[in-house]
Amino acid sequence: MVGTNPNNLTELLDAVLKINEQALDDNDSTKKNELQCHPMRQALFDVLCETKEKTVLSVRNPVDEAPEDPQLMRLDNMLVAEGVAGPDKGGSLGSDASGGDQADYRQKLHQIRVVYNEELRKYEEACNEFTQHVRSLLKDQSQLRPIAQKEIERMVYIIQRKFSGIQVQLKQSTCEAVMILRSRFLDARRKRRNFSKQATEVLNEYFYGHLSNPYPSEEAKEDLARQCNITVSQVSNWFGNKRIRYKKNMAKAQEEASLYAAKKNAHVALGGMAGNPYGMLPGAAAAAGLLNPYGPMNIPGQDALHMGMPPFDLSVYNPQLMAAAQYQQQMDNTDAKP
DNA sequence: TATCATGATTCCCA
DNA sequence: TGGGAATCATGATA
Numbered sequence: 001m002v003g004t005n006p007n008n009l010t011e012l013l014d015a016v017l018k019i020n021e022q023a024l025d026d027n028d029s030t031k032k033n034e035l036q037c038h039p040m041r042q043a044l045f046d047v048l049c050e051t052k053e054k055t056v057l058s059v060r061n062p063v064d065e066a067p068e069d070p071q072l073m074r075l076d077n078m079l080v081a082e083g084v085a086g087p088d089k090g091g092s093l094g095s096d097a098s099g100g101d102q103a104d105y106r107q108k109l110h111q112i113r114v115v116y117n118e119e120l121r122k123y124e125e126a127c128n129e130f131t132q133h134v135r136s137l138l139k140d141q142s143q144l145r146p147i148a149q150k151e152i153e154r155m156v157y158i159i160q161r162k163f164s165g166i167q168v169q170l171k172q173s174t175c176e177a178v179m180i181l182r183s184r185f186l187d188a189r190r191k192r193r194n195f196s197k198q199a200t201e202v203l204n205e206y207f208y209g210h211l212s213n214p215y216p217s218e219e220a221k222e223d224l225a226r227q228c229n230i231t232v233s234q235v236s237n238w239f240g241n242k243r244i245r246y247k248k249n250m251a252k253a254q255e256e257a258s259l260y261a262a263k264k265n266a267h268v269a270l271g272g273m274a275g276n277p278y279g280m281l282p283g284a285a286a287a288a289g290l291l292n293p294y295g296p297m298n299i300p301g302q303d304a305l306h307m308g309m310p311p312f313d314l315s316v317y318n319p320q321l322m323a324a325a326q327y328q329q330q331m332d333n334t335d336a337k338p
């Protein structure tokens, strides 16, 4: 409690009441000054503040019950994880998303980031401006009525809590926008897009070139993925599908196989032995373009292809053809199993 | 618009 | 955990 002389206090209260009665206004500067300069002014001010503190403000004390808002923390964490808040990570959908989608996703995420930061900046500006305004207003008011610094701080805190609610809304709607964007692009992952013709060529060449063991190693998959400009998991999917479908539709697959073998062999015939992965003899390779490369198998139209050609089995010279036969045998054995 | 082709997903198994 | 098999979903084509 502030130490005061009761007589002086009464005198000052009288002065205040007198001033109030006379409806203190801007023109009454003499009275104002009188009040401001009164030796007991500060003492009375302190007493009134203390009383006010005890009677009114003790009922609610929000500053003491101010734990960190868990919702806000969750939103903050999420925004940082998604790359909207904090350092710009560029956004990522994981390895399954195709390159074009990734870029599109990143661009849209960047837009959200820009809008979010802009709104956040505006919010902070407004919050500061309003807080400052209230501070100075209360400070002015404290000239005339008992407002302690503590009360001003409390008021500022209340204002900031209110603004915090707006901030939560902003963060919430930003999170929602990111979620919508994310789900849209993850759904787009299911959108099937055919690989380029070149990519299919590369994959088929590898498949038919390794028919005896059409299971590319991780390194081979990575290499194929690079060549085809697709992901390793797409390569795995492709080989998984290809093996199954080759087995299911052998006749058609064999036609395709002969096509690829012919293509490869024609290339070898032109280019000689250099770079021939199958080690085929050039002469036989040239013939392979006309013959069924999967000799031991039944290929539609095989007889026509053989017309006028000596009846020899190319697979003797071509490991690829041997491999095809082996794979065929393997498939037959698998199918024969109960 | 129906049908086929094909990339992706899911479930199960060794 | 990788692969087989079934299935889904969508693109391409007649």
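For the first sequence, the UniProt record's numbering assigns the number 1 to the initial residue and increments by one for each residue that follows. Beta carbons: idealized from backbone N, C-alpha and C, even for Gly.
Checklist entry - Cβ of Tyr-260 within 8 angstroms of Cβ of Asn-213? => result no
Next on the checklist: When you compare the stretch 130-144 with the stretch 109-118, are there three or more beta-carbon pairs, one atom per stretch, that lie closer than 8 angstroms?
Outcome noted: no
Checklist entry - DSSP state of Tyr-116, grouped into three classes? => result helix
Checklist entry - With a cut-off of 8 angstroms, do at least 3 Cβ pairs link the stretch 161-172 to the stretch 191-201? => result no
Item to check | Anticipated Cβ contact below 8 angstroms, Lys-263 with Phe-207, distance rounded | outcome: 13 angstroms between Cβ atoms; not a contact.
Checklist entry - Is Ile-152 closer than 8 angstroms to Lys-162 when the C-beta atoms are compared? => result no
Checklist entry - Below 8 angstroms between beta carbons: does that hold for Tyr-116 and Ile-166? => result no
Checklist entry - Going along the chain, which residues of its own chain have a beta-carbon closer than 6 angstroms to the beta-carbon of residue 341, five neighbours each way excluded? => result In the structure as shown, the chain starts at 1 and stops at 338, and residue 341 therefore has no counterpart that could be examined.
Checklist entry - If you check the beta carbons only, do Val-156 and Val-134 fall under 8 angstroms apart? => result yes
Checklist entry - Looking only at C-alpha atoms, which of Gln-198, Tyr-215, Pro-216 sits nearest to Asn-229? => result Gln-198
Checklist entry - Between Ile-159 and the rest of its own chain, which residues show a CB-CB distance below 8 angstroms, the 5 nearest in sequence each way excluded? => result Cys-127, Phe-130, Thr-131, Val-134
Checklist entry - Taking DSSP as the reference, what is the three-state secondary structure of Cys-37? => result coil
Checklist entry - Arg-226: which of Thr-200, Ser-136, Glu-119, Gln-107 sits nearest, CA to CA? => result Thr-200
Checklist entry - Can you name the start and end residues of the alpha helix (DSSP H) that Gly-209 belongs to? => result 197-209
Next on the checklist: At the level of alpha carbons, what is the spacing between Leu-48 and Glu-119?
Outcome noted: 42 angstroms
Checklist entry - Is the beta carbon of Val-202 sitting closer than 8 angstroms to the one on Leu-75? => result no
Item to check | Asn-213, enclosing alpha helix (DSSP H) - first and last residue | outcome: Per DSSP, Asn-213 belongs to no alpha helix (DSSP H) and is neither H nor E.
Next on the checklist: Using the Cβ count rule (16 or more neighbours within 10 Å means buried), how would you classify Gln-234?
Outcome noted: buried
Checklist entry - Since Ala-257 and Leu-224 are thought to touch, with beta carbons under 8 angstroms apart, how far apart are those beta carbons, to the nearest angstrom? => result About 18 angstroms; that fails the 8 angstroms criterion.
Checklist entry - Considering only C-alpha positions, which residue in the set Asn-33, Leu-79, Ala-148 is nearest to Asp-46? => result Ala-148
Next on the checklist: Would Glu-222 and Val-232 be called neighbours here (beta carbons separated by less than 8 angstroms)?
Outcome noted: yes
Item to check | Segment limits, alpha helix (DSSP H) that includes Val-84 | outcome: Segment: none, Val-84 is in no alpha helix (DSSP H) and carries neither H nor E.
Checklist entry - Roughly how many angstroms lie between the CA atoms of Glu-125 and Ser-164, to the nearest whole one? => result 13 angstroms
Checklist entry - What residue from Gly-209, Met-250, Ser-217 has the CA that sits closest to Asn-265's CA? => result Gly-209
Checklist entry - Where does Ala-69 fall in DSSP's three states? => result Sequence inspection shows Asp at residue 69; the Ala mentioned does not correspond to that position. The answer is coil: DSSP assigns Asp-69 none of H, G, I, E or B.
Next on the checklist: At the level of alpha carbons, what is the spacing between Asn-77 and Trp-238?
Outcome noted: 38 angstroms
Checklist entry - Buried or exposed: Gly-240, going by 16 or more other Cβ atoms within 10 Å of its Cβ? => result exposed
Checklist entry - Considering only C-alpha positions, which residue in the set Met-250, Pro-70, Gln-107 is nearest to Gly-83? => result Gln-107
Next on the checklist: Please state the DSSP three-state secondary structure of Ala-148.
Outcome noted: coil
Item to check | Coarse secondary structure for Ser-173, derived from DSSP in three states | outcome: helix
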